[in-house]
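**Q** Let me give you the structure first, and then I'll get to my questions.
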């Protein structure tokens with residue numbers, strides 16, 4: 002039962018082959034048995050899950066249907082869930098129980114999804130390895146000595162290990178697509194504004210976007226359908242009609258123009274990954290796609306621009322965690338300044354402190370023009386490159402990551418080396434574009450992903466291409482040994 006995809010679960014529930022309650026009990030038992038190896042969950046919500054499963058079964062008995070009705074999922078632990086700890090992977094929020102549901106949580110609950118728990122993550126979503134969590138590192142089920150990617154590594158590891166069929170994640174600079182690539186999953190970052198950020202604890206507000214992690218493009222379509230849509234509570238949510246993503250999966254790729262940027266194949270890319278990406282291009286060519294080399298000349302500036310903008314926004318967003326209203330508070334402060342200093346110093350981990358300091362520096366009076374303003378100008382140049390490219394092609398294809406998963410702790414002493422793992426993903430966040438990573442093969446037994454980028458609100462096109470690719474390849478069906 003744990004091998005079923007979301008689509009297969011929907012069919013099984015509709016055909017009364019099993020109940021949501023039976024499935025939920027099987028998966029909760031599996032999590033209890035296997036998750037100690039992975040550390041992919043921060044909180045399990047057994048009582049909530051069983052009550053939601055029973056309610057879903059009752060709704061189906063009354064004639065209701067729906068792809069998510071009775072389907073088990075989990076939420077990355079930065080989506081507020083009423084009455085349940087929402088920690089953001091931080092000591093700062095270890096004792097925080099959200100007083101309301103995030104829009105994504107509420108929408109999926111209304112659709113009948115069953116919440117099994119909250120997944121582990123890099124602290125405040127800051128990281129590419131899921132090693133900065135207050136609750137310890139998450140392990141990659143393909144090799145327990147390796148990282149699963151981050152910051153949505155808990156969601157990725159849990160789905161890859163077949164602890165559940167799908168989970169929510171968030172993507173600020175690649176935090177859905179990069180862990181998807183490193184754990185053999187399909188992960189989608191929607192267009193900025195497509196999925197509500199209300200109740201999603203902010204890291205960098207102009208970059209953050211929620212999205213699905215699952216084993217197949219078909220499952221991502223189902224989960225995105227439940228997540229997407231306009232939300233008046235979110236001032237950055239866009240009032241754009243949400244298409245039927247599942248209905249568009251079977252469109253032909255005949256004549257689809259796919260652009261391959263020459264800048265992607267530089268010295269920093271593992272040549273074995275480059276070969277797998279070229280194999281993916283050939284597979285899509287056989288399905289009727291037309292391949293064209295393109296250029297994204299300002300891509301080289303993406304990492305420095307991102308690591309000014311994101312920390313600047315983080316330093317502002319995280320100023321609210323001060324020990325006064327909620328969250329961690331130091332013992333016996335002698336005065337207000339001591340309360341602020343020690344609460345933040347003790348509550349935040351080193352990576353979060355590093356980014357707050359970088360962001361505060363970039364926003365300071367003497368350096369705002371030199372750093373933050375210049376980074377925003379580069380951001381516009383990167384967006385312009387994409388707009389020019391999409392006048393020539395329909396989709397952009399390349400690697401998701403320059404390397405396969407690395408060993409736990411291997412990059413801890415060199416934060417910049419970890420930042421470079423996001424070189425192919427952060428441009429989509431800077432430009433606000435939708436991006437998808439799908440399985441493309443293995444290097445030394447570790448998964449590799451291929452990334453697809455599309456124009457604004459063309460998530461359906463990404464899902465269509467990925468689904469057609471997955472109908473003709475079997476990389477996405479591979480399961481890690483022992484799970």
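Residue numbers (the numbering used here): 2 to 484.
Each residue gets a CB set at the ideal place from its N, CA and C atoms; glycine is no exception.
1. Does the beta-carbon of residue 332 have 16 or more other beta-carbons within 10 angstroms, so that it is buried, or is it exposed?
2. Mind checking which residues open and close the alpha helix (DSSP H) that includes residue 384?
3. Could you say if the region 391 to 409 and the region 257 to 268 meet the contact criterion of at least three C-beta pairs nearer than 8 Å?
4. Spatial neighbours of residue 31 within its chain, please: CB distance less than 7 Å, with the 5 preceding and 5 following residues excluded, ordered by chain position.
5. What's the C-alpha gap between residue 20 and residue 71?
6. Contact between the region 97 to 105 and the region 148 to 158 is defined here as three or more beta-carbon pairs at a separation below 8 Å; is this criterion met?
7. Which residues share a DSSP beta bridge with residue 168?
8. Report the rounded CA-to-CA distance for residue 47 versus residue 118, giving the unit in angstroms.
9. Let me know the beta strand (DSSP E) ranges lying completely inside the region 65 to 112, each 3 residues or longer, listed in chain order.
10. Identify whether residue 52 lies in helix, strand or coil by the three-state DSSP scheme.
11. If we ignore side chains and look at the alpha-carbon of each, how far apart do residue 421 and residue 271 end up?
12. State the Cα-Cα distance for the pair residue 344 and residue 409, rounded to the nearest angstrom.
13. Am I right that residue 11 and residue 57 are in contact with their C-beta atoms under 8 Å? What's the rounded C-beta distance?
14. May I ask you to report which of helix, strand or coil DSSP gives residue 450?
15. Using only alpha-carbon positions, find the residue among 94, 406, 84, 40 that is nearest to residue 347.
16. What does the Cβ neighbour count give for residue 289, buried or exposed, with the cut at 16 atoms within 10 Å?
17. Can you give the Cα-Cα distance for residue 210 and residue 192, rounded to whole angstroms?
18. Residue 278 and residue 394: beta carbons closer than 8 Å?
19. Going by beta-carbon coordinates alone, are residue 41 and residue 121 separated by less than 8 Å?
20. In whole angstroms, what separates the C-alpha of residue 237 from that of residue 203?
21. Looking at residue 127: is its Cβ nearer than 8 Å to the Cβ of residue 171?
22. Ignore the nearest five residues each way along the sequence and tell me which others in residue 502's own chain have a CB closer than 7 Å to its CB.
23. Could you pull out every unbroken alpha helix (DSSP H) segment of at least 4 residues lying fully inside the region 313 to 380, listed in chain order?
24. Pair every Cβ in the region 51 to 65 with every Cβ in the region 207 to 226, then say whether three or more of these pairs are closer than 8 Å.
25. Is it buried or exposed for residue 36, if we count other Cβ within 10 angstroms and need 16 for buried?
26. If residue 184 sits next to residue 149, beta carbons under 8 Å apart, how far is it from one beta carbon to the other, in whole angstroms?
27. Evaluate residue 482 with the Cβ neighbour count: other Cβ atoms within 10 Å of its Cβ, from every protein chain shown; 16 or more gives buried, anything less gives exposed.
28. Would you call the CB atoms of residue 214 and residue 168 closer than 8 Å?
29. Please classify residue 74 as buried or exposed, where buried requires at least 16 neighbouring CB atoms within 10 angstroms.
30. In or out: residue 493 buried (at least 16 other Cβ within 10 Å) or exposed?
31. Taking the CB atoms as reference points, tell me whether residue 470 and residue 284 lie closer together than 8 Å.
32. With burial defined as no fewer than 16 other Cβ atoms inside 10 Å of the residue's Cβ, what is the status of residue 286: buried or exposed?
33. Within 10 Å of its beta-carbon, does residue 351 have 16 or more other beta-carbons around it, so buried, or fewer, so exposed?
34. Once you ignore the five residues that flank residue 87 on each side, which residues in its own chain have a CB closer than 8 Å to its CB?
35. Kindly give me the distance between the Cβ atoms of residue 138 and residue 131, rounded to whole angstroms, as I take these residues to be in contact under 8 Å.
36. So for residue 1, helix, strand or coil by DSSP?
**A** According to the structure shown:
1. exposed
2. 375 to 390
3. yes
4. Excluding sequence neighbours, residue 31 sits near 3, 164.
5. 8 Å
6. no
7. 75, 214
8. 8 Å
9. Within the region 65 to 112, the complete beta strand (DSSP E) runs of at least 3 residues are 73 to 77.
10. Correct three-state label for residue 52: helix.
11. Distance between the alpha carbons of residue 421 and residue 271 is about 13 Å.
12. 29 Å
13. That belief does not hold up - the Cβ atoms of residue 11 and residue 57 are roughly 11 Å apart, past 8 Å.
14. Taken through DSSP and simplified to helix, strand or coil, residue 450 comes out as strand.
15. 94
16. exposed
17. Residue 210 and residue 192 have their C-alpha atoms roughly 8 Å apart.
18. no
19. yes
20. 13 Å
21. no
22. What the structure shows of the chain is the stretch from 2 to 484, and residue 502 is not part of that stretch, so it cannot be assessed.
23. You should have 337 to 348, 351 to 364.
24. no
25. buried
26. 5 Å
27. exposed
28. yes
29. buried
30. The requested residue 493 is not part of the displayed model; the chain covers only 2 to 484.
31. Contact flag set, yes.
32. Residue 286 should be labelled exposed.
33. So residue 351 ends up on the exposed side.
34. 78, 79, 80, 81, 94, 97, 98, 99, 119, 202
35. In this structure residue 138 is in contact with residue 131, their Cβ atoms being roughly 6 Å apart against a cut-off of 8 Å.
36. What is shown of the chain runs 2 to 484, which leaves residue 1 out entirely.
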